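Colleague:
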Amino acid sequence: MRSQNNPLLASVSKSTHGRTPLHSSTRRPSIWGSGAQSSQQSGQSFKDTRPLRDKQYQSKMRQEIFLFLQSAGYEIAPSTLSNIQGKEYRNIFEYLVLILDPMYMFSTGRFEDDFVPALKALRYPYAHTMDNKWLAAPASMHSWPPLLGVLHWLVDMCKLRDEYFASGHPTIQDASHIPDEFDDTMDHQALAFQYFEHAYELWLDQYDEFAEANEELESRYAKKNEKVETDLQIQQEKLAAAKEELKKLKTSEPPLKAIERENATLIRDREKFLAILKRYDSRKEKFREAIKHENAEMEELGAKLENLTRSHQQLTSIVREQNLSPEEVAKMKSDDEQLSRTLEELRQRLADTHRNRMNLEVSAANKTATAEDALEKYTRLLESLELYPTPPPPRQNVNLALELNPAASVPQDLLQGADIRKVIKPTLGTIAEDKRVERADLESDKIRVEDELDQIMQDCENLEEEIMTMEKKVMGLNDQAEELRDVAQRDAFVAAQNIDDLERNIAQAKAAALAHGTGVKSRLQNLEMSYRVQIDNVARLKEETIRAIIKNSHEIAMFKEEVSRHLTELRGVAEAE
Numbered sequence: 001m002r003s004q005n006n007p008l009l010a011s012v013s014k015s016t017h018g019r020t021p022l023h024s025s026t027r028r029p030s031i032w033g034s035g036a037q038s039s040q041q042s043g044q045s046f047k048d049t050r051p052l053r054d055k056q057y058q059s060k061m062r063q064e065i066f067l068f069l070q071s072a073g074y075e076i077a078p079s080t081l082s083n084i085q086g087k088e089y090r091n092i093f094e095y096l097v098l099i100l101d102p103m104y105m106f107s108t109g110r111f112e113d114d115f116v117p118a119l120k121a122l123r124y125p126y127a128h129t130m131d132n133k134w135l136a137a138p139a140s141m142h143s144w145p146p147l148l149g150v151l152h153w154l155v156d157m158c159k160l161r162d163e164y165f166a167s168g169h170p171t172i173q174d175a176s177h178i179p180d181e182f183d184d185t186m187d188h189q190a191l192a193f194q195y196f197e198h199a200y201e202l203w204l205d206q207y208d209e210f211a212e213a214n215e216e217l218e219s220r221y222a223k224k225n226e227k228v229e230t231d232l233q234i235q236q237e238k239l240a241a242a243k244e245e246l247k248k249l250k251t252s253e254p255p256l257k258a259i260e261r262e263n264a265t266l267i268r269d270r271e272k273f274l275a276i277l278k279r280y281d282s283r284k285e286k287f288r289e290a291i292k293h294e295n296a297e298m299e300e301l302g303a304k305l306e307n308l309t310r311s312h313q314q315l316t317s318i319v320r321e322q323n324l325s326p327e328e329v330a331k332m333k334s335d336d337e338q339l340s341r342t343l344e345e346l347r348q349r350l351a352d353t354h355r356n357r358m359n360l361e362v363s364a365a366n367k368t369a370t371a372e373d374a375l376e377k378y379t380r381l382l383e384s385l386e387l388y389p390t391p392p393p394p395r396q397n398v399n400l401a402l403e404l405n406p407a408a409s410v411p412q413d414l415l416q417g418a419d420i421r422k423v424i425k426p427t428l429g430t431i432a433e434d435k436r437v438e439r440a441d442l443e444s445d446k447i448r449v450e451d452e453l454d455q456i457m458q459d460c461e462n463l464e465e466e467i468m469t470m471e472k473k474v475m476g477l478n479d480q481a482e483e484l485r486d487v488a489q490r491d492a493f494v495a496a497q498n499i500d501d502l503e504r505n506i507a508q509a510k511a512a513a514l515a516h517g518t519g520v521k522s523r524l525q526n527l528e529m530s531y532r533v534q535i536d537n538v539a540r541l542k543e544e545t546i547r548a549i550i551k552n553s554h555e556i557a558m559f560k561e562e563v564s565r566h567l568t569e570l571r572g573v574a575e576a577e
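Residue 577, in UniProt numbering, is where the sequence shown stops; the numbers in between run on with no holes.
(1) Kindly indicate which residue of A175, N399, W144 has the alpha-carbon position closest to the one of K55.
(2) So what does DSSP say about Q52, is it helix, strand or coil?
(3) Under a Cβ-count criterion, where at least 16 other Cβ atoms within 10 Å of its own Cβ denotes burial, should T379 be classed as buried or exposed?
(4) What first and last residue would you give for the alpha helix (DSSP H) that runs through L135?
(5) With DSSP collapsed to three states, give me the class of L385.
(6) Looking at A574: is its Cβ nearer than 8 Å to the Cβ of I456?
(7) Mapping the DSSP letters down to three states, classify E209 as helix, strand or coil.
(8) Alpha carbons only, please: which of L477, S530, G476, A481 is nearest the one belonging to E501?
(9) If you pair each beta-carbon of the stretch 548 to 564 with each one of the stretch 473 to 487, do three or more pairs fall below 8 Å?
(10) Is the separation between the beta-carbon of G73 and that of A136 shorter than 8 Å?
(11) Assuming contact is defined by CB atoms lying nearer than 8 Å, are E112 and N132 in contact in what I supplied?
(12) CA-CA distance, E345 and R421?
(13) Quick one: Cα of R110 to Cα of Y200, how far?
(14) Using only the alpha-carbon positions, how far apart do T335 and A364 sit?
(15) Flag this pair as yes or no: are the beta carbons of L81 and F68 separated by less than 8 Å?
(16) Span of the alpha helix (DSSP H) holding R161?
(17) Based on Cα-Cα distance, which residue from N307, M298, E245, Q396 lies nearest to H354?
(18) Can you give the beta carbon distance from residue 639 to I556, rounded, assuming they're within the 8 Å contact cut?
(19) Taking one C-beta from the stretch 421 to 434 and one from the stretch 305 to 323 each time, how about it: are there three or more such pairs within less than 8 Å?
(20) To which residues of the same chain is S30 closer than 6 Å at the C-beta, ignoring the five residues directly before and after it?
(21) Around the Cβ of L204, are there at least 16 other Cβ atoms within 10 angstroms (buried) or fewer (exposed)?
(22) Does S25 come out as helix, strand or coil in the three-state DSSP assignment?
(23) Expressed to the nearest angstrom, what Euclidean distance is found between the alpha-carbon atoms of R329 and L301?
(24) Should I535 be listed as close to the ligand ADP, given that the test is whether its C-beta is under 7 Å from any heavy atom?
(25) Taking E216 and H152 to be in contact with their CB atoms under 8 Å, please state how far apart those CB atoms are, rounded to whole angstroms.
(26) Please work out which residues of its chain come closer than 8 Å, Cβ to Cβ, to L570, disregarding the five sequence neighbours upstream and downstream, and give them in chain order.
(27) Would a check of beta-carbon distances place L100 closer than 8 Å to chain B?
(28) Can you list, in chain order, the residues of its chain with a C-beta nearer than 8 Å to that of L375? Leave out the 5 residues immediately preceding and following it.
(29) Throw me the rounded Cβ distance for the L148 and L52 pair, which I believe falls under 8 Å.
(30) For P170, does the three-state DSSP call read helix, strand or coil?
(31) Measure from the alpha carbon of K47 to the alpha carbon of each residue in Y124, M332, N83, then state which is nearest.
(32) In whole angstroms, give me the CA-to-CA distance for V563 and L246.
(33) Quick one: what's got a C-beta closer than 8 Å to Y57's C-beta in the same chain, skipping five residues either side?
(34) How many Å lie between A548 and R504 at the Cα?
(35) Output the distance between the C-alpha atoms of L527 and R540, rounded to the nearest integer angstrom.
(36) Pull up the distance between the alpha-carbon of E561 and that of E543, whole angstroms please.
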C-alpha cells in the first residue's frame with residue numbers, strides 16, 4: 001500500500017469507506033504518533049540552535065509565516081503575529097497541522113493537552129523543550145520566541161510538502177502523474193494501489209466482480225506496452241528483412257564472381273574501345289592529309305586565276321594602246337567574246353568537275369563510313385562467335401580480322417587483311433558447315449536420348465505393372481497361407497480334442513478293463529490304434545502346413561529379390577544415361 005511507502009501521503013490517501021466513525025471526543029492517533037514514540041524511546045534530544053531571540057530573525061520568521069498564511073487563503077492581519085493571543089495562536093497552529101495531516105484529530109478540550117502530542121506526532125525535533133504554560137500568554141517575552149519557532153517550522157514543513165507534491169516524484173504514487181511509459185517500482189505500486197482502492201470500493205458496493213477495475217488496469221498497461229510492441233514489431237520486420245536478404249545472399253552467386261565477370265567484360269570493352277580509337281585516329285590522320293591536299297589545290301587554282309586575271313588586264317591595256325581599224329576591233333571583239341565564252345565554259349566545266357569531285361568525296365566518305373560500320377559489325381560478330389582474330393583449332397592460323405584503309409591509292413589496298421573470296425569466305429563456310437554438322441549430331445543425340453528415355457519410362461511402367469501383378473499374387477499367396485494356417489489350426493484343435501477324448505476313453509477303458517477283466521482288451525487295442533491314427537494325422541497336417549508356409553515364404557523372397565534386381569538394373573541404366 002502506498003500509505004506504508006510514503007508517510008506524507010498516508011493520512012491523505014486513506015479512504016473513509018468501511019471505516020467505523022470516530023466520536024468527537026475520541027482521539028485518533030496520527031501516523032506520526034509511531035515516529036514520536038520511537039523518538040521518545042530512543043531517548044535522543046536536540047538543542048534548538050536557531051537564534052529565536054534575535055529580533056531580526058523573529059521579524060524574518062513573522063514575515064515568512066504571514067506570507068505563507070496569506071498565500072494559503074488564511075485571513076490574518078500583519079499585526080497579529082506581533083501581539084498574538086492564545087486563541088489566534090491555536091487557530092494558526094491547528095490550521096498548519098491540518099495542512100500537514102488533514103486526518104489529524106484535535107480534541108475539543110484544552111489546547112495545552114493537544115499541543116505537545118501534536119508536535120511529537122509531527123516529529124518536531126524540539127518538542128521536548130516545549131512547556132504548556134507558555135500557551136497561556138504566547139506573546140510574552142519568554143514564551144513567544146519558541147512558540148514562533150514552532151509556527152515557522154510548521155510553515156517550512158508545509159512548504160516542503162507543497163514542493164514535494166509539485167515535484168511529481170514517483171514516491172508520491174499519484175496515478176495521474178504516471179507517464180505512458182514507466183519502469184519505476186513506485187509507478188507500479190501506485191497503479192496497484194489505485195486498483196486495490198477501486199476494487200475495494202466496488203466490493204463495498206456489493207460487487208463480486210471487478211471488471212471495470214480490471215479493464216482500467218489492463219488498458220493502462222496495454223498503453224504502456226503499446227510502444228514496446230510497436231518497436232518489437234518493427235525490429236521483427238527488420239529481422240525478417242535481414243534474414244530474407246541473408247537468404248538471398250546465400251542462395252545467389254557470390255558478389256566477387258559477378259564483379260570479376262563485370263571486370264572481364266569491362267576489360268574486353270576497353271580493348272575494343274582502344275581498337276576503335278586507334279582506327280578513328282588513323283582515319284583522322286587520313287582526313288587531315290586529304291584536307292591539306294585540297295587546300296594546296298585550292299591555293300594553286302587561286303594562283304592560276306590571279307595569273308589569268310593579270311594576263312587579261314595586260315592584254316586589255318595593250319589592245320587599248322594599239323590603233324586598230326574597226327574591222328580588226330570587231331574581229332578582236334568577236335575573238336574576245338569567243339574566248340570569253342570558251343573561258344566561261346571552261347570555268348563551268350571546272351565548277352562541275354569540282355562539284356562532282358565534292359559529291360564523289362561525300363559519297364566516298366559515306367561509303368567508307370558504311371564499310372567501317374559493316375567491318376565493325378563483322379568484328380563484333382566474330383567476337384561473339386569467339387572467332388576473333390583467329391578461329392579455334394585446327395584453323396588457328398587463319399586471321400579473320402579485316403581493316404579499312406580509305407587513304408589507299410590502289411583499290412586493292414583499301415581492305416587490309418586476308419583475301420575475302422579465297423580465305424575468309426571459304427573458312428567461314430567451312431566453320432558454318434562444321435557447326436551445322438555438329439548441330440545435326442546434337443539433334444540426333446537428343447532424339448536418341450529422348451527415345452531411350454521413352455523406352456526407360458515404358459520399362460518403368462511395365463515393371464510397375466509387373467510389381468503390381470506380383471504384389472497381387474503375393475497377397476493371394478498370403479491369403480492362402482492364412483487360410484491354410486487357419487485350417488491347420490482348426491484341424492489341430494479338432495485333433496487335440498479327439499486326442500483328449502481318446503485319452504479319456506482309453507483311461508475309461510483301462511479302468512473298465514481293470515474293473516471287468518480282460519474282456520475289453522480288444523476294445524482298448526482299437527482305441528489305441530485310433531489314437532495313433534489321429535496322432536499321425538496331426539503330424540501330417542503340421543508337416544503340410546510347415547511346407548506350405550516355407551513355400552510361400554520362399555516365393556515371397558524370390559519375388560522381392562526379382563523386384564530388387566529389376567530396380568537395380570533400372571537405376572544402373574538411368575545413371576548410365
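Just so you know, even glycine gets a beta-carbon here, dropped at the ideal spot from N, CA and C. Quantities reported herein were computed from a predicted structural model and do not represent experimental measurements.
Modeller: By the coordinates alone:
(1) Counting from 1 along the sequence shown, the entry for residue 55 is found at position 55. That would be W144, whose Cα lies nearest to the Cα of K55.
(2) As a working mapping, residue 52 is identified with position 52 in the sequence shown. A small correction: the amino acid at residue 52 is Leu; Gln does not occupy that position in the sequence shown. If DSSP states are grouped into helix, strand and coil, L52 belongs with coil.
(3) For the purposes of this step, residue 379 is taken as the residue at position 379 of the sequence shown. Flag for T379 reads buried.
(4) Looking up residue 135 in the sequence shown gives position 135. Note, L135: premise wrong, no alpha helix (DSSP H); not H, not E.
(5) Within the sequence shown, the letter at position 385 stands for residue 385. In the structure shown, L385 sits in coil (DSSP, three-state: anything other than H, G, I, E or B).
(6) Here the question's residue 574 lines up with position 574 in the sequence shown. Here the question's residue 456 lines up with position 456 in the sequence shown. Closer than 8 Å, so yes.
(7) Counting from 1 along the sequence shown, the entry for residue 209 is found at position 209. Coil at E209, not helix or strand.
(8) The residue you call residue 501 lines up with position 501 of the sequence shown. Per the sequence shown, the amino acid found at residue 501 is Asp instead of Glu. Nearest option by C-alpha distance: S530.
(9) yes
(10) Counted from its first residue, the sequence shown places residue 73 at position 73. Counted from its first residue, the sequence shown places residue 136 at position 136. Their beta carbons are not under 8 Å apart, which means G73 does not touch A136 by this criterion.
(11) As a first step, residue 112 must be located in the sequence shown, where it is residue number 112. As a first step, residue 132 must be located in the sequence shown, where it is residue number 132. Going by C-beta atoms, E112 is nearer than 8 Å to N132.
(12) Indexing the sequence shown from 1 puts residue 345 at position 345. Indexing the sequence shown from 1 puts residue 421 at position 421. Their Cα atoms are separated by approximately 46 Å.
(13) Counted from its first residue, the sequence shown places residue 110 at position 110. Counted from its first residue, the sequence shown places residue 200 at position 200. Their backbone Cα atoms lie some 38 Å apart in a straight line.
(14) One-based indexing of the sequence shown puts residue 335 at position 335. One-based indexing of the sequence shown puts residue 364 at position 364. Residue identity check: residue 335 is Asp in the sequence provided, not Thr. Roughly 42 Å separates the two Cα atoms.
(15) Taking the sequence shown and counting its residues from 1, the one referred to as residue 81 is at position 81. Taking the sequence shown and counting its residues from 1, the one referred to as residue 68 is at position 68. Their beta carbons are not under 8 Å apart, which means L81 does not touch F68 by this criterion.
(16) To locate residue 161, count along the sequence shown from 1; it is residue 161. R161 -> alpha helix (DSSP H) spans 144 to 167.
(17) Start at 1 with the first residue of the sequence shown, and residue 354 comes out as number 354. For the residues N307, M298, E245, Q396, the minimum Cα distance to H354 belongs to M298.
(18) Residue 639 is absent from the model: the chain starts at 1 and stops at 577.
(19) no
(20) Locating residue 30 in the sequence shown gives position 30, where the first residue counts as 1. Because the pLDDT of S30 is 42, which lies under 50, any placement of that residue in the model is unreliable, and the number read from its coordinates should be weighed accordingly. Contacts found: D101, Y104, A121.
(21) Numbered from its first residue, the sequence shown carries residue 204 at position 204. With fewer than 16 other Cβ atoms within 10 Å, it is exposed.
(22) Within the sequence shown, numbered from 1, the residue matching residue 25 stands at position 25. Confidence at S25 is low in this model, with a pLDDT of 34, below 50, so its placement is unreliable and no value can be given for it.
(23) Position 329 of the sequence shown, counted from the first residue, corresponds to residue 329. Position 301 of the sequence shown, counted from the first residue, corresponds to residue 301. What sits at residue 329 in the sequence shown is Val, not Arg. The straight-line gap from Cα to Cα measures roughly 32 Å.
(24) The ligand ADP is absent from the structure shown, which contains no ligands of any kind.
(25) Along the sequence shown, one-based indexing puts residue 216 at 216. Along the sequence shown, one-based indexing puts residue 152 at 152. With a Cβ gap of about 44 Å, E216 and H152 do not count as contacting.
(26) For the purposes of this step, residue 570 is taken as the residue at position 570 of the sequence shown. Answer for L570: I456, D459, C460, L463, listed in chain order.
(27) No chain B is part of this structure, which consists of one protein chain only.
(28) Here residue 375 corresponds to residue number 375 of the sequence shown, with the count starting at 1. Closer than 8 Å at the Cβ level, and outside the excluded window around L375, lie L402, E403, L404.
(29) Position 148 of the sequence shown, counted from the start, is the residue given in the question as residue 148. Position 52 of the sequence shown, counted from the start, is the residue given in the question as residue 52. Correct: roughly 7 Å between the Cβ atoms.
(30) For the purposes of this step, residue 170 is identified with residue 170 of the sequence shown, where counting begins at 1. It is helical.
(31) In the sequence shown, residue 47 corresponds to position 47, counting from 1. Nearest of Y124, M332, N83 to K47, Cα basis: Y124.
(32) Residue 563 sits at position 563 when you count from the first residue of the sequence shown. Residue 246 sits at position 246 when you count from the first residue of the sequence shown. The alpha-carbon atoms of V563 and L246 are separated by roughly 46 Å.
(33) Stepping through the sequence shown from its first residue, residue 57 is reached at position 57. Excluding sequence neighbours, Y57 sits near R50, P51.
(34) Locating residue 548 in the sequence shown gives position 548, counting from the first residue. Locating residue 504 in the sequence shown gives position 504, counting from the first residue. Going from the Cα of A548 to the Cα of R504 covers about 33 Å.
(35) Counting from one through the sequence shown, the residue named residue 527 turns up at place 527. Counting from one through the sequence shown, the residue named residue 540 turns up at place 540. Whole-angstrom Cα-Cα distance: 20 Å.
(36) The residue you call residue 561 lines up with position 561 of the sequence shown. The residue you call residue 543 lines up with position 543 of the sequence shown. Their backbone Cα atoms lie some 27 Å apart in a straight line.
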